[in-house]
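In my numbering, the protein residues as written are 152 to 303.
We put the CB at the ideal spot given by N, CA and C, even for glycine.
Here the structure comes first, spelled out in structure tokens, and everything after it is commentary.
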Amino acid sequence: MKIFSINTAVLATGFALVTVCPPLLAENNAEPVEPLALFAIMEEMGKNMQTITAAIASEDWETVEETSPLIADHPQPPLGEKIRILTFIGTDVSAFKGHDGQTHQAAQQLGQAAASKDGEAVIVAFADLQRSCLSCHQRFRKSFRTHFYGRQ
Ligand code: HEC
152 MKIFSINTAV LATGFALVTV CPPLLAENNA EPVEPLALFA IMEEMGKNMQ TITAAIASED
212 WETVEETSPL IADHPQPPLG EKIRILTFIG TDVSAFKGHD GQTHQAAQQL GQAAASKDGE
272 AVIVAFADLQ RSCLSCHQRF RKSFRTHFYG RQ
């Protein structure tokens with residue numbers, strides 16, 4: 152009888168696990184969502200921005216000049232991913248490209264200001280550059296997350 156009650160307890164626990172676990176298992180076993188190539192490109196841009204911030208602080212204009220083109224001419228995602236992105240953003244494509252164009256232009260101006268060792272102009276261009284990142288993020292980042300990764 153005692154054994155039976157232990158077994159019952161074990162069974163009950165087992166049953167509880169089985170009934171509780173399916174959603175957890177489903178979540179854990181779910182195909183991991185492959186990050187977009189765009190994500191790695193963005194992370195690289197973030198690192199380059201940090202390099203530039205540090206270089207501005209030490210008035211290392213050469214580093215600012217060398218790093219700016221890495222942002223202005225950042226790599227593009229492979230064609231297949233571009234098509235996925237363009238399909239998703241649909242009619243917002245011109246806004247998306249516009250933000251990217253602003254980033255390109257501001258990074259180019261930053262490089263030029265650094266080449267002429269004009270600290271004030273560097274700071275203005277850097278602020279413009281950050282603004283261009285922010286405006287695209289404010290408009291698109293959340294919807295990308297929801298659409299491509301299914302999370303908030
Ligand atoms: C044309 C739009 C656009 C521009 C311009 C843009 N980004 Fe992004 N960025 C995105 C999108 C969309 C994501 C989300 C990508 C994802 O989650 O896969 C993102 C994500 C990021 C991330 C990842 C952060 C995180 O954990 O979600 C970093 C870092 C980043 N961007 C840096 C930058 C920097 C720095 C600039 C400017 C120099 C910039 N981005 C300009 C669209 C843009």
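At a Cβ-Cβ threshold of 8 Å, PRO228 and ALA188 count as neighbours. Check the Cα spacing between GLY262 and each of GLU216, HIS250 and LYS198: the tightest is with GLU216.
Two segments are said to touch when three or more pairs of C-beta atoms, one from each, lie closer than 8 Å; by this definition the segment 263 to 274 touches the segment 202 to 213. When GLY197, ALA246, ARG302 and GLY301 are compared, the shortest CA-CA separation from LEU280 is found for GLY197.
Taking C-beta atoms as the reference points, PHE277 and ILE222 fail to come closer than 8 Å. Taking non-hydrogen atoms of the ligand HEC into account, the C-beta of LEU237 is found less than 7 Å away from none of them. The beta carbons of CYS284 and THR242 sit no closer together than 8 Å.
Taking each of GLU232, ILE192 and ASP251 in turn and checking the Cα distance to CYS287, the smallest one comes out for ASP251. The C-beta separation of HIS298 from PHE247 comes to about 13 Å, leaving the pair out of contact by the 8 Å criterion. Given a length threshold of 4 residues, each whole run of the alpha helix (DSSP H) inside the segment 255 to 300 is given here in chain order: 270 to 287. For GLY301, the shortest separation between its Cβ and any heavy atom of the ligand HEC does not lie below 7 Å.
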